[in-house]
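Here's the structure, in structure tokens; my notes come after.
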Ligand SMILES: [Zn+2]
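In the numbering used here, the protein residues as written are 1451 to 1663.
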């Protein structure tokens, strides 16, 4: 029997005047030993976009999201002997519910724009290759990471003017929250799963840690 709960909150980001809102449904399937993170994103497209164009964008975004998140991580019980189910771990995946007709939603509303301006969580500009149907989708994954509770990471002045030092520990790897062409890192998943979604309070065994799938 699947177990489902809502995750949500707001965090004041370390830099700039930014509040990061995160919100999604989490579903744990004990029989499949899997956990699905499911945010709902309501899209408003330009009226000039055809159905084929909208479908193509959503398909490309879903593909980029699946490639970035799925089949990569699981959470495993720290002490499997104290665990009745899924002793070998619970696979993590992210599946966004994109909706295009108006519906009440407590997750996110995104306006899609047919130009190439810098995007943010609520505005995606599809002439930017990071958001286009044929590009990398790195921007989509970056904005989705905000929706799951991650802040930007400013490594140098190129991403945060006036900031000369990294806000990461010395030697820390550069990932998608600083550069949309970089991957999601383990530390990002740990923040999402344990700090934001508080998996250790929700899942059946005493304590879990992150592992590769
Ligand atoms: Zn960002």
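For each residue, glycine too, the CB sits at the ideal point set by N, CA and C. Values in this document were obtained by computation on a predicted structure and should not be read as measured data.
Identified DSSP bridge partners for residue i
i            : result
residue 1573 : 1561 and 1570
residue 1523 : 1662
residue 1472 : 1459
6 Å CB neighbourhood of residue i in its chain, flanking five on each side removed
i            : result
residue 1570 : none
residue 1554 : none
CA-to-CA distance, residue j to residue i, given in whole angstroms
i            : j            : result
residue 1561 : residue 1577 : 14 Å
residue 1640 : residue 1650 : 11 Å
residue 1636 : residue 1661 : 9 Å
residue 1658 : residue 1527 : 4 Å
residue 1486 : residue 1521 : 12 Å
residue 1593 : residue 1508 : 15 Å
residue 1656 : residue 1563 : 46 Å
residue 1491 : residue 1598 : 12 Å
Other residues of its chain near residue i: CB distance less than 7 Å, five sequence neighbours each side excluded
i            : result
residue 1632 : 1624, 1625 and 1626
residue 1567 : 1575
residue 1534 : 1654
residue 1456 : 1475
Three-state secondary structure (DSSP) of residue i
i            : result
residue 1643 : helix
residue 1541 : strand
residue 1649 : helix
residue 1487 : strand
residue 1620 : coil
residue 1594 : helix
CB of residue i within 8 Å of CB of residue j, strictly
i            : j            : result
residue 1550 : residue 1589 : no
residue 1618 : residue 1542 : no
residue 1516 : residue 1634 : no
residue 1587 : residue 1510 : yes
Close beta carbons around residue i, own chain, < 8 Å, minus the five adjacent residues each side
i            : result
residue 1638 : 1595, 1600, 1625, 1626 and 1627
Cutoff 8 Å: residue i Cβ touching any chain D Cβ
i            : result
residue 1551 : Absence of chain D from the displayed structure is noted, only one protein chain being present.
Residue i CB to nearest heavy atom of ligand 2 below 7 Å
i            : result
residue 1602 : Annotation note on ligand 2: not contained in the displayed structure, which lists ligand 1 as its ligands.
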